[in-house]
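Chemist: Structure incoming, see below.
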Amino acid sequence: MATQSVKPTGKVELSEKQIDALKKRSRLSEAEIRETFEEFRANAPRGQLTKEEFIKLWNETSPKIDHSESVHMAERVFELCDRDHSGKVDFNEFLMTACLTTPGTPTQKIAPLFILCDFNRDGFLQRAEIEKIYLLAKSTRKSVDQKEFEAFKTHLDSVFAKFDTNKDGKISHKEFCDLCTHDEVFQKMLG
């Protein structure tokens, strides 16, 4: 899912069409997208970051915490970013994840979170996709408490009963918006 185009010079650029698409998918202005892209390009001149490059960048820019915890957290965030499982993170993947970790209202984070949760890109969230994103988010703390995860799965039963309005076993974008604005657990996930 590359969003960059490579010119003959090898320099990675964003087209106006790509910027417009990113503006629609994120809550960022064109200036913010361009600024973030320049920072990304400075660290990923080929337009993608490998896992090792990502971890190095993470360790250089993240708060100083125990090195093993920092590496573990970087690995989890990389897994979240690498939506196409290519082993590399492109700018689009990076930007959608960054939208969740930057200041903003929970409402502003709903669209990027939906995109990140929709691993199979069918426009809906299956239960397994929501569980996966929950585990990835919680695993940044190094270990996931099994009781807490079981409680989340039980809560997910009531979420699907209440917010899956057409009872098709998946959550649409509209249903997800309703869920995130009315469910306390998901509001906390949006920070």
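If you're matching positions, the sequence shown starts at 6 in my numbering and goes up one per residue.
We put the beta carbon where it would ideally sit given N, CA and C, even for glycine.
Remember, it's a predicted structure, so these values are computed and weren't measured experimentally.
(1) Can you tell me whether residue 161 is helix, strand or coil according to DSSP?
(2) Please report the straight-line C-alpha distance between residue 138 and residue 85, rounded to a whole angstrom.
(3) From what residue to what residue does the beta strand (DSSP E) around residue 55 run?
(4) For residue 117, does the count of other Cβ atoms within 10 angstroms reach 16, so buried, or fall short, so exposed?
(5) Counting along the chain, where does the beta strand (DSSP E) carrying residue 123 start and finish?
(6) Grab me the residues of residue 177's own chain with a C-beta within less than 7 Å of its C-beta, minus the 5 sequence neighbours each way, in chain order.
(7) Note down the Cα distance separating residue 37 from residue 76, rounded to an integer number of angstroms.
(8) Runs of 4 residues minimum, wholly inside the region 163–194: which ones carry the alpha helix (DSSP H) assignment?
Modeler: The short version:
(1) If you number the sequence shown from 1, residue 161 lands on position 156. The answer is helix: DSSP assigns residue 161 an H, G or I state.
(2) As a first step, residue 138 must be located in the sequence shown, where it is residue number 133. As a first step, residue 85 must be located in the sequence shown, where it is residue number 80. Straight-line Cα distance between these residues: approximately 8 Å.
(3) Taking the first residue of the sequence shown as position 1, residue 55 is located at position 50. Residue 55 -> beta strand (DSSP E) spans 53–55.
(4) Walking along the sequence shown from the start, residue 117 turns up at place 112. By the neighbour-count criterion, in which 16 or more other beta carbons inside 10 Å mark a residue as buried, residue 117 falls on the buried side.
(5) Along the sequence shown, one-based indexing puts residue 123 at 118. It is not in any beta strand (DSSP E) - residue 123 carries neither H nor E in the DSSP assignment.
(6) Position 172 of the sequence shown, counting from 1, holds the residue named residue 177. Excluding residues within five positions, the ones whose Cβ falls inside 7 Å are 129.
(7) Locating residue 37 in the sequence shown gives position 32, counting from the first residue. Locating residue 76 in the sequence shown gives position 71, counting from the first residue. C-alpha separation (whole angstroms): 27 Å.
(8) The qualifying runs are 178–187.
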